[in-house]
Structure formats: structure tokens, C-alpha cells
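Here is the structure we will look at.
There are 2 protein chains.
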Amino acid sequence: MSFIPLLPGSLSGPPAERSDAARNRERLLGAARELIAECGADALTMDRLAERAGVGKGTVFRRFGSRAGLMMTLLSDSEAAFQSRFMFGPPPLGPGAPGLERLVAFGAERIAYVMEHGDLARAAEASAHSRYEVPAAMLWQRHIEHLLREEGMDADPLLMAMSLTATLDPDRLLHAVRVQGLTPERLTDSWRELVTRVVRGP
Amino acid sequence: MSFIPLLPGSLSGPPAERSDAARNRERLLGAARELIAECGADALTMDRLAERAGVGKGTVFRRFGSRAGLMMTLLSDSEAAFQSRFMFGPPPLGPGAPGLERLVAFGAERIAYVMEHGDLARAAEASAHSRYEVPAAMLWQRHIEHLLREEGMDADPLLMAMSLTATLDPDRLLHAVRVQGLTPERLTDSWRELVTRVVRGP
DNA sequence: ATAATAATCGGACTACGGTCCGTTTAGTCC
DNA sequence: GGACTAAACGGACCGTAGTCCGATTATTAT
Numbered sequence: 000m001s002f003i004p005l006l007p008g009s010l011s012g013p014p015a016e017r018s019d020a021a022r023n024r025e026r027l028l029g030a031a032r033e034l035i036a037e038c039g040a041d042a043l044t045m046d047r048l049a050e051r052a053g054v055g056k057g058t059v060f061r062r063f064g065s066r067a068g069l070m071m072t073l074l075s076d077s078e079a080a081f082q083s084r085f086m087f088g089p090p091p092l093g094p095g096a097p098g099l100e101r102l103v104a105f106g107a108e109r110i111a112y113v114m115e116h117g118d119l120a121r122a123a124e125a126s127a128h129s130r131y132e133v134p135a136a137m138l139w140q141r142h143i144e145h146l147l148r149e150e151g152m153d154a155d156p157l158l159m160a161m162s163l164t165a166t167l168d169p170d171r172l173l174h175a176v177r178v179q180g181l182t183p184e185r186l187t188d189s190w191r192e193l194v195t196r197v198v199r200g201p
Numbered sequence: 000m001s002f003i004p005l006l007p008g009s010l011s012g013p014p015a016e017r018s019d020a021a022r023n024r025e026r027l028l029g030a031a032r033e034l035i036a037e038c039g040a041d042a043l044t045m046d047r048l049a050e051r052a053g054v055g056k057g058t059v060f061r062r063f064g065s066r067a068g069l070m071m072t073l074l075s076d077s078e079a080a081f082q083s084r085f086m087f088g089p090p091p092l093g094p095g096a097p098g099l100e101r102l103v104a105f106g107a108e109r110i111a112y113v114m115e116h117g118d119l120a121r122a123a124e125a126s127a128h129s130r131y132e133v134p135a136a137m138l139w140q141r142h143i144e145h146l147l148r149e150e151g152m153d154a155d156p157l158l159m160a161m162s163l164t165a166t167l168d169p170d171r172l173l174h175a176v177r178v179q180g181l182t183p184e185r186l187t188d189s190w191r192e193l194v195t196r197v198v199r200g201p
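Line order of the protein sequences matches chains A and B. Going letter by letter, the first sequence gives residues 0 to 201 in numbering that gives the first Met the number 0. Going letter by letter, the second sequence gives residues 0 to 201 in numbering that gives the first Met the number 0.
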């Protein structure tokens with residue numbers, strides 16, 4: 000018998016997850032990916048998901064809280080990868096390059112990210128209350144603010160970061176590309192112009 | 000008998016509105032204003048509105064198409080006033096002032112507008128499909144684009160206008176003020192900084 | 001006035017996100 | 001193994017936006 004639990008057991012974290020709960024979470028994530036592959040993220044309803052996964056509707060909501068929460072869970076891997084790239088990865092996205100170059104790279108990567116995971120990202124932030132309190136969104140904004148300060152931005156970096164973040168909103172970007180027919184390259188070029196002008200004061 | 004109809008009759012416009020339809024539209028608008036005055040725009044549901052106005056639910060939707068359409072109708076007066084102010088009114092908002100000053104004034108007025116009609120504006124653009132194809136929003140964006148060109152903006156004025164428009168999104172502005180506790184003055188100052196930097200290239 | 005017609009009306013109906021609560025079951029302690 | 005407890009389960013239920021279609025009514029021509 001071991002007195003010391005060998006791995007994530009009862010050490011201060013949430014009291015672990017019951018086995019049936021874990022099993023159902025996997026089932027649900029699998030079913031969600033299937034449905035999205037078949038019909039797209041927009042067509043995924045919580046009822047269909049529950050049916051496909053063979054669980055009750057209540058279970059879906061207990062696991063993910065809301066439709067947006069489910070979408071965030073589905074995105075969490077690529078989201079975490081993105082975060083670690085701009086926080087710890089190689090320049091110009093990661094630390095080591097000048098702030099302006101990092102800002103440009105950040106926008107470019109973010110636009111590419113939205114082009115790839117667009118519908119999911121949109122669905123993930125389409126929550127009724129507060130699309131702006133999603134931890135990921137707050138992190139991006141603080142990151143932009145940090146880079147602005149690093150570049151000597153004197154005029155209210157918080158609000159400048161907010162404006163720049165608004166430019167990268169998935170909903171807007173997807174509309175620009177899918178409805179207006181603009182190319183991602185053009186969006187990226189415009190982002191470069193924008194941040195350059197904002198950083199270099201008038 | 001008169002061969003020529005004396006007023007808005009059958010002259011090319013929509014074939015006029017039946018009297019009961021007009022009466023019901025007035026009833027509905029009145030009831031909507033009452034409900035909003037009592038409980039706020041967010042608490043206005045189409046069922047309650049129909050009940051208060053004493054009409055069927057179908058009538059509400061035939062008149063306004065959707066909840067967002069109703070909100071747009073409620074806003075149309077102040078919206079039209081705003082539009083004519085920045086298109087034909089006195090400087091610095093209207094023509095006569097330099098483009099940059101007009102841009103600054105536009106943002107300031109828009110922020111004030113959102114502070115006053117915020118919930119309505121948010122509800123009006125919260126339509127499922129395409130919040131960006133609302134005629135009013137497209138007009139603002141083209142106006143900003145026009146002012147940018149006037150100031151000699153060389154770098155993709157259309158997308159720069161899109162970014163600036165994103166900054167003025169009612170949802171974001173309301174969140175900044177009501178949740179984050181920022182003051183409208185601070186938003187206005189930041190807008191001034193932003194457009195100044197964007198217009199004066201690097 | 002009457003009939004014909006086309007628009008309007010009303011409310012039952014659907015789809016969806018989200019909640020609630022009585023029932024079941026996994027983990028634990030004896 | 002058996003009893004106990006807290007968590008998980010499931011699906012009935014709710015509120016809401018939006019649709020549909022048979023019944024109604026304003027309007028116009030005769």
C-alpha cells in the first residue's frame with residue numbers, strides 16, 4: 000500500500016472525475032467532432048449531440064456548461080498551442096523580436112487561425128453574456144497591450160489594444176472573407192499597416 | 000370622379016398599406032416603447048409585445064420581420080437624424096471641416112449615440128445572419144472610408160474603415176463602459192488618438 | 001349593396017438553448 | 001460483500017425567436 004498517491008489524485012485540484020463522467024465526456028467530444036465533420040459547426044445542436052453520443056441532454060450541459068463551452072473545449076488544444084507559440088515560441092511571434100514585429104506576426108497568425116477554425120471560434124464566443132470575458136480573449140488583449148507598451152505607446156494602451164482586438168474578431172474576419180470575398184492576405188497586409196501606424200505616433 | 004389619384008396611391012411605391020395593418024403597426028410601436036420604458040430593451044420579447052399590443056404573434060413578425068427589425072424600426076428616427084447630421088450637418092461632423100476632424104467628431108458622436116441608445120442598438124444588430132449588412136452600418140463604414148481617402152490614406156481604406164468601425168461596435172462600447180467601468184470620455188479620447196495615428200501614416 | 005380578391009390576422013407549431021429534479025450509479029468505508 | 005453518500009444521469013420542462021396556414025377582413029370593381 001502506498002501512502003502517497005502516485006498521480007493527479009487528491010492534491011488540491013478538483014476532486015477528480017468519476018469514471019462514467021470521463022467516459023461520457025470522451026463520447027461527447029467524439030460525437031461532436033463527427034457531427035461537425037459531417038455538417039459543420041453551425042449545424043451542431045445540443046439535442047443531436049446528446050442523441051449521437053447516447054447520453055441525456057442534461058449530461059451535455061453538465062459537462063460543458065453551454066454550447067459555447069463545448070466549442071471552447073473542442074478548440075482548447077489548438078488554442079493552447081497558439082498561446083504557447085506567441086508567449087514562449089520563437090520570434091517573430093514569440094519573445095526576442097521587437098514589439099512591432101511581434102504585433103504584426105500576432106495578427107497574421109490570428110488571421111490564419113481564424114481561417115482554419117473559424118466556425119468553431121465564432122460559436123465559442125457566441126455566448127449570450129459577455130463574449131469579452133472569455134479567458135483566451137482577455138489574454139490576447141493583454142498580450143497586445145503589453146507589446147504596445149513595450150513599443151513605448153503612450154496613449155491609453157488598454158483601449159488601443161481593445162481596438163486592435165476588435166479588428167481581429169473572428170466574426171468580422173470570416174464575414175470579410177466569406178461574404179465580402181476579401182483574401183486573408185489582404186487582411187494581413189491591412190493589419191500590418193494598422194499596427195504600424197498605431198505604434199508610430201502621429 | 001378623379002382620374003388622377005390625389006396622393007400616395009398607386010404610384011410605383013409599395014402598394015400602400017391596409018388600414019388595419021397601419022393601425023396595428025402603430026399599436027405595436029407604442030406597446031414596444033412602453034415595454035422598453037418599463038423593463039428595458041433586453042426584456043422585450045415578441046410574445047409579450049404581441050400580448051400587450053393585443054395582436055397575434057404572426058402580425059408582429061409580418062410587420063417587422065424579426066426582433067432585430069423591430070429594434071431598427073424603433074431606432075430609425077434617431078438613426079436618420081444622426082445620418083443627416085454627419086452627411087449634411089454643420090462641421091466638424093458635417094462637410095466643411097478637414098477629414099481628420101470629421102473622423103474624430105464622428106467617433107465622438109457615435110460613442111454618445113451608443114451611450115444613449117445602447118441596448119436598442121445592440122438588439123438591432125444581434126441578428127443571426129450578418130450583422131454587417133445592416134444598411135446603416137454599411138453607410139457608416141463607407142463614410143469613414145470616404146473620409147480616410149479624403150485625408151490621402153493610401154493603404155487599403157476599405158479595410159482601415161472596417162477596423163475603425165469595429166472599434167465603434169455598440170456591443171464592445173457598452174461592455175467597456177458598463178462592465179469594465181471605463182468612461183465615455185476615455186473612449187472618445189482613445190478614438191481621437193487612434194484615428195489620428197491611422198490617418199497620419201508612419 | 002354585393003361579390004370578388006388579396007392582404008392581413010392569429011395562434012398553434014417547430015427548433016433550439018438551457019434548467020430542474022427524481023433516479024441511478026460509482027466510489028468508499030466498514 | 002453490503003450499506004452509504006455524493007456525484008452523475010436523463011429526459012421532461014421552460015422561454016424564446018421564428019414559421020405556417022386556415023380564418024378573417026379591408027378594399028375595389030360591379
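C-beta: ideal position from N, C-alpha, C; glycine also.
Here residue 40 of chain A really is in contact with residue 118 of chain A; their C-beta atoms are around 4 Å apart, less than 8 Å. Residue 146 of chain B and residue 85 of chain B have their alpha carbons spaced roughly 11 Å apart. Neighbours of residue 55 of chain B across chain A, judged by C-beta separation under 7 Å, do not exist; the nearest C-beta is about 27 Å away. Boundaries for residue 16 of chain A: no alpha helix (DSSP H) harbours it, and the DSSP string shows neither H nor E there. Only residues of its own chain outside the window of five on either side were considered, and among them 135 have a CB closer than 7 Å to the CB of residue 78 of chain A, listed in chain order. As the crow flies, the alpha-carbon of residue 115 of chain A is around 20 Å from that of residue 133 of chain A. Taking C-alpha positions only, residue 138 of chain A is separated from residue 161 of chain A by approximately 12 Å. For residue 96 of chain B, the pairing in a beta bridge is given by DSSP as B/94. Residue 75 of chain A is positioned such that its CB atom lies no closer than 8 Å to that of residue 126 of chain A. In this structure, the alpha-carbon of residue 172 of chain B lies about 43 Å from that of residue 17 of chain A. Note on geometry: alpha-carbon atoms of residue 102 of chain B and residue 26 of chain A lie some 53 Å from one another. Within the region 109-157 of chain B, the complete alpha helix (DSSP H) segments of 4 residues or longer fall at 134-149, listed in chain order. Comparing C-alpha distances from residue 157 of chain B to each of A/141, A/37, A/124 and A/179 shows the shortest one belongs to A/179. Taking one beta carbon from each stretch, the region 45-57 of chain B and the region 92-111 of chain B have fewer than 3 pairs nearer than 8 Å; the two do not touch. The beta carbon of residue 175 of chain B lies closer than 8 Å to those of 181 and 186 in the same chain, with the five residues before and after it left out. Residue 104 of chain B and residue 196 of chain B have their C-alpha atoms spaced approximately 15 Å apart. Contact check for residue 120 of chain A and residue 67 of chain A: beta-carbon distance about 11 Å, past the 8 Å limit, so the pair fails to qualify. For residue 166 of chain A, the nearest CB of chain B lies under 8 Å from its own CB, placing it at the interface with that chain.
Residue environment analysis places residue 166 of chain B among the buried positions, since at least 16 neighbouring C-beta atoms fall within 10 angstroms of its C-beta.
Taking C-alpha positions only, residue 190 of chain A is separated from residue 183 of chain B by approximately 26 Å. Residue 80 of chain B sits exposed, since fewer than 16 C-beta atoms from the chains shown fall within 10 Å of its C-beta. In this structure, the beta-carbon distance from residue 23 of chain A to residue 51 of chain A does not fall below 8 Å. If you ignore the 5 residues before and after residue 169 of chain A, its C-beta comes within less than 8 Å of the C-beta of 113, 117, 120, 121 and 124, all in its own chain and listed in chain order.
Residue 93 of chain B and residue 73 of chain B have their C-alpha atoms roughly 24 Å apart.
DSSP, read as helix, strand or coil, puts residue 68 of chain B in helix. Collapsing the DSSP output to three states places residue 179 of chain A in coil. By the criterion of a C-beta distance shorter than 8 Å, residue 60 of chain A is surrounded in its chain by 45, once the five residues flanking it on both sides are discounted. DSSP places residue 173 of chain A in the uninterrupted alpha helix (DSSP H) bounded by 169-173. Closest in C-alpha terms to residue 164 of chain A, from the list A/89, A/131, A/153 and A/192, comes A/131. In this structure, residue 98 of chain A places its C-beta atom within 8 Å of the C-beta atom of residue 150 of chain A.
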